[in-house]
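In mature numbering (1 follows the signal peptide of the UniProt record, and there is no 0), the protein residues as written are -18 to -1, 1 to 54. We put the beta carbon where it would ideally sit given N, CA and C, even for glycine.
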């Protein structure tokens, strides 16, 4: 489910490169995924400044789905 969520997210223009970015910067993304409050952290690969509030919310929501999938 986790990779498929990212694949689905990559269909949006702003996230077209997210699969490559997560692959190239897995440590940065893992650190962000593992935070308790990702909405308060700087997003990897420049997403903090590149996204509007709604797209940030999408990415945070996907992060929560990914983390919940690993924990269950």
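For residue -15 and residue 26, the gap between their C-alpha atoms comes out near 19 angstroms. The Cβ atoms of residue 22 and residue 42 lie no closer than 8 angstroms to each other. In this structure residue -11 is exposed. Its beta-carbon is surrounded by fewer than 16 other beta-carbon atoms within 10 angstroms.
With respect to residue 32, residue 3 sits apart: the two C-beta atoms are not nearer than 8 angstroms. Between the alpha carbons of residue 16 and residue 9 lies a gap of roughly 10 angstroms.
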